[in-house]
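Q: Below are the structure tokens for one structure; questions will follow.
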Amino acid sequence: MNRSLSERVLWTLAAIALAAGVSVSVWSLFRLNGHADRLRTYVDYSRRLSDMSRQAGRSESAVRIFEGLADPHPIPIPDLLKQSLPGEKYETREQPSQSTIPGWTVRRVSVTFPEIDLDMLAAFIVNAESGRPPWQIRSFTLRALSTSGRTGQATLILEALDRTP
251 MNRSLSERVL WTLAAIALAA GVSVSVWSLF RLNGHADRLR TYVDYSRRLS DMSRQAGRSE
311 SAVRIFEGLA DPHPIPIPDL LKQSLPGEKY ETREQPSQST IPGWTVRRVS VTFPEIDLDM
371 LAAFIVNAES GRPPWQIRSF TLRALSTSGR TGQATLILEA LDRTP
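First residue of the sequence shown: 251, per the numbering used here; consecutive thereafter.
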């Protein structure tokens, strides 16, 4: 073999090696992009799991607080109404309760006032929310009955956690 033929063979082999290296590099970049997407997905899952873990920790501490209450039952709505709004006309309707965590249910009660002084309604809401466990407003509908804005027709849906026997 003469020198020019061996140089040609070496250059050809070098070109083949270069082409193979470039194609392997391009192929690796495409695979790396797929792996990066998968890693981003895993990082997103990890963040979500971390958020859920923090939420579970807050929920567990809330459960411990509720389990530590002397009376794990909310004050009955009729009793609250008699305390806060003696003489007012109202209609209550117990809604289906919903199980949450073992041993606890969410109770919902609808309270409708055909006509009520709005200041008195605010006092009732404060009284309901100050109980332990508290009643909280799930939804609220108000319609003014006078131009003065002092009286209205109100419907409240209240909910509270209740210990199940």
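Built from N, CA and C at the ideal position, the CB exists for glycine as well.
Between which two residues does the alpha helix (DSSP H) holding Trp354 run?
A: Not the alpha helix (DSSP H): Trp354 falls in the beta strand (DSSP E), residues Trp354 to Asp367.
Q: Determine the closest residue to Ser398 out of Arg308, Phe374, Gly381 and Leu368, with distance taken between C-alpha atoms.
A: The candidate whose alpha carbon is nearest that of Ser398 is Leu368.
Q: So, with DSSP's three-state summary, where would you put Pro346?
A: DSSP places Pro346 in strand when its eight states are reduced to three.
Q: Check the DSSP bridge columns for Asp412 and list the partner residues they point to.
A: Per DSSP, Thr355.
Q: Report the three-state DSSP secondary structure of Glu257 (helix, strand or coil).
A: Glu257: helix per DSSP, three-state reduction.
Q: For the alpha helix (DSSP H) containing Leu434, list its first residue and its last residue.
A: In the structure as shown, the chain begins at 251 and stops at 415. Residue 434 is therefore absent and cannot be evaluated.
Q: In terms of DSSP beta bridges, what is Ala404 paired with?
A: Beta-bridge pairing links Ala404 to Phe363 and Leu392.
Q: Using only CA atoms, which one of Ser275, Pro324 and Ile266 lies nearest to Glu409?
A: It is Pro324.
Q: On the three-state DSSP scale, how would you describe Glu338?
A: Correct three-state label for Glu338: coil.
Q: Measuring CB atoms only, is the segment 386–394 touching the segment 299–312, in the sense that at least three cross pairs come out at less than 8 Å?
A: They do not touch, by the three-pair rule.
Q: Just grab the DSSP bridge partners of Ile387 for me.
A: Note: Ile387 sits in a beta bridge opposite Leu408.
Q: Judging by CA-CA distance, which residue of Leu279, Arg298, Leu319 and Ser334 is the nearest neighbour of Asn377?
A: Selected option, being the one with the closest Cα: Ser334.
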